[in-house]
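Comments concern the structure below.
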Amino acid sequence: MANFDHLQPSHSTPATEIPTIPYEVNVPPHRLPVEQYGRDRFVALPGLIQPDTASSLLAATDDVPAKRVRVGNNTETWNEQIFTLEHPVYRFFEQDTIVSLVRALTRLKRINYLQTWTSIYGVGEYINPHTDSEGSAQLLICLQAPESSAQGGKLVVSGQELFLTPGDAIAFEATSLRHYTTPLTATKNEPEPRRTVLVGRYFMG
Ligand SMILES: [Fe+2]
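Taking the working numbering, the leading residue of the sequence shown gets 613, the next gets one more, and so forth.
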């Protein structure tokens, strides 16, 4: 009888032992623009996390394969990774500081459900103006950006143009505010710019 024991993994890590990186959040609760969010359903949160924390989060996304997204007439494309329960990136959005922030802005207490993903844009890639179909609020954090806004990769929300750099974030009501990005362009200095944003979509009650 064949023995396949040698094909078994020598060890496996139970979900509860997956290390969680302590992702520090820099926006103190008393400085949160709660009134502004209540009025505009959108706030910019520059430097929500440090650039090196953004790098750590980006590195933590590496183990999840990206799938290609094509919409429109295949003119809009980008890559997407989805993170599920127990993944360190999913847990980032579950941590107290982040949850408190989302609760304070939305004035909603109960989180029923959470979805997390990255959108990764390369040269020529963008997303057209749209509103999302679901979710109470989204927290979007830039993990990777081109060197300058001259290379595109601007995020436009409700007519406001933003060029996010790693660690910058926005919180917004994606179901009611139209939003889109501008295409990335290659330059001699940076022939392959990439823009990666990490999104947490909260379903609240
Ligand atoms: Fe969207």
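Every residue gets a Cβ at the ideal spot worked out from N, C-alpha and C, and that includes glycine.
Cβ neighbours of residue i in the same chain (closer than 7 Å, five flanking residues each side left out)
i      : result
Thr689 : Arg680, Val681, Arg682 and Glu737
Asp674 : none
Ala757 : Gly765, Leu776, Thr777, Pro778 and Arg807
Leu669 : Tyr635, Val701, Phe704, Leu755 and Leu810
Gly817 : Leu720, Arg722 and Asn724
Residue i Cβ short of 8 Å to ligand 1 heavy atom set
i      : result
Asp744 : yes
Ala656 : no
His699 : no
Ile694 : no
Ala786 : yes
Ile739 : yes
Own chain residues within Cβ distance below 6 Å of residue i, not counting five before or after
i      : result
Gly779 : Gly659, Ile661, Gln662, Pro663 and Ala666
Val809 : Ser731, Leu752 and Cys754
Asn801 : none
Gln727 : Arg813
Close beta carbons around residue i, own chain, < 8 Å, minus the five adjacent residues each side
i      : result
His618 : Unreliable placement is indicated for His618, whose pLDDT of 37 sits below 50; the coordinate value is still reported in the next sentence. Excluding positions up to five away in sequence, the list is empty.
Spatially closest choice to residue i from the options, by CA coordinates
i      : options                           : result
Gln693 : Glu773, Tyr733 and Met816         : Tyr733
Val655 : Met816, Ser770, Phe815 and Glu804 : Ser770
Arg715 : Ala749, Ala672 and Thr696         : Ala749
Trp729 : Leu774, Ala672 and Ala762         : Ala672
Legend entry - Given 8 Å, three or more beta-carbon pairs between the region 701 to 711 and the region 794 to 808: No, the region 701 to 711 is not in contact with the region 794 to 808.
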